[in-house]
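Asks:
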Amino acid sequence: MNSTPLTVVQPDGPARGGVIVVQEAFGVNDHIIDVCGRLAAAGWVAVAPHLFHRQATTVVPYSDMDSAMSAIGQLKADEVDADVDAAASTLAELGFEPTSIAVVGFCMGGSVAFQTAVRRRLGAAATFYGGGITQGRFGYPAMASVGEALQTPWHGFYGDLDEGIASEDVETLREVTATAPVASEITRYAHGKHGFHCDARPAVFDAEAAADAWTTTLQWFDAHVAR
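For the record, in the sequence shown the residue sitting at position 181 is 183 according to the numbering used here, with numbers rising by one throughout.
See below:
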């Protein structure tokens, strides 16, 4: 029995499918819950696993980057996988086959979404500015070293002004994932910083890039998730 705490947000009407929402380095905070709400408004059942539940602090303020880095430094790939799988199991209990489930992640969660797309065959996956392309994180292999093994159609979204993720690395990832047996795509935003989708962080939020990436993500899910 998995004890992973999950935030579950359901749509008002019939669901298009399920989406696993993987948090940023700050936990399942109001922003991530809001993202779940947006997905539900678009017709999806959203489930966000709380990845910091093994730690004393499960939500970190945006102003406390030291604590955020400490929290993600304690993550282990096998435990994160178990938390993601707990979300998938909850969606399975709601009647969704794996191909009717998508996964989306932001920041460190974007890395997890990618690794999940390598590890499992789901309907679709989307990564917002997920690092770890050339150097593995949390015990995962480097993304570029396993990209050809994607089992789930994957779309990555990156900002050219991201100080932690070089555009050359993003292009390397594009080349590698293009050899995978499933569809893959990368969209880059010339003015996007790390975290450009997070409207709770005015210093990095880019309304234009965020809106485009969100619309494209929903279209990607619609195109690939089985009904």
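Cβ atoms here follow ideal geometry from the backbone N, Cα and C, with glycine treated the same way.
#1: Taking only the alpha-carbon atoms, compute the straight-line gap between Asp-208 and Gly-158 and give it to the nearest angstrom.
#2: Can you tell me which residues form a DSSP beta bridge with Thr-189?
#3: Tell me the residue span of the alpha helix (DSSP H) that contains Ile-22.
#4: Who are Val-105's beta bridge partners in DSSP?
#5: For Leu-152, name the three-state secondary structure that DSSP assigns.
#6: Three-state secondary structure (DSSP) at Leu-8?
#7: Using DSSP with H/G/I as helix, E/B as strand and the rest coil, what is Gly-29?
#8: Beta-carbon separation of Ala-182 and Glu-150 under 8 angstroms?
#9: Which of the three DSSP states, helix, strand or coil, is assigned to Pro-16?
#10: Tell me the rounded alpha-carbon separation between Val-49 and Arg-56.
#11: Smallest Cα separation from Ile-103: which of Leu-8, Thr-6, Ala-17?
#12: Whose CA, out of Leu-152, His-193, Thr-189, lies closest to the CA of Asp-164?
#13: Tell me whether the beta-carbon of Gly-107 lies closer than 8 angstroms to the beta-carbon of Val-24.
#14: Does the distance from the CB of Phe-98 to the CB of Ala-70 come in under 8 angstroms?
#15: Can you grab the Cα-Cα spacing for the pair Ser-5 / Thr-101, in whole Å?
#16: Distance check for Ala-43 and Ala-215, CA to CA, integer angstroms please.
#17: Could you check what DSSP says for Val-49 in three-state terms: helix, strand or coil?
#18: Are the beta-carbon atoms belonging to Leu-77 and Gly-20 less than 8 angstroms from one another?
#19: For Thr-218 and Val-61, I'd like the C-alpha separation in whole angstroms.
#20: Taking the alpha-carbon positions, what's the Phe-148 to Thr-179 distance?
#21: Where does Met-67 land, buried or exposed, given buried means 16+ other C-beta within 10 angstroms?
#22: Exposed or buried, which one is Ser-186 when buried takes at least 16 other CB atoms within 10 Å?
#23: Measure from the alpha carbon of Gly-141 to the alpha carbon of each residue in His-226, Ser-65, Asp-83, Ser-91, then state which is nearest.
#24: If we ignore side chains and look at the alpha-carbon of each, how far apart do Gln-117 and Met-110 end up?
Replies: This is what the structure holds:
#1: 17 angstroms
#2: Phe-159
#3: No alpha helix (DSSP H) contains Ile-22, which is instead part of the beta strand (DSSP E) from 19-24.
#4: Per DSSP, Ile-22, Ala-127.
#5: coil
#6: strand
#7: strand
#8: yes
#9: Pro-16 falls in the coil class under three-state DSSP.
#10: 18 angstroms
#11: Answer by Cα proximity: Ala-17.
#12: The shortest C-alpha separation from Asp-164 is found at His-193.
#13: yes
#14: no
#15: Taking the straight line joining both Cα atoms gives about 24 angstroms.
#16: 17 angstroms
#17: strand
#18: no
#19: 28 angstroms
#20: Note on identity: in this sequence residue 148 is Val, with Phe being the wrong assignment. Those two C-alpha atoms are separated by around 8 angstroms.
#21: exposed
#22: buried
#23: Asp-83
#24: In a straight line, the C-alpha of Gln-117 is about 11 angstroms away from that of Met-110.
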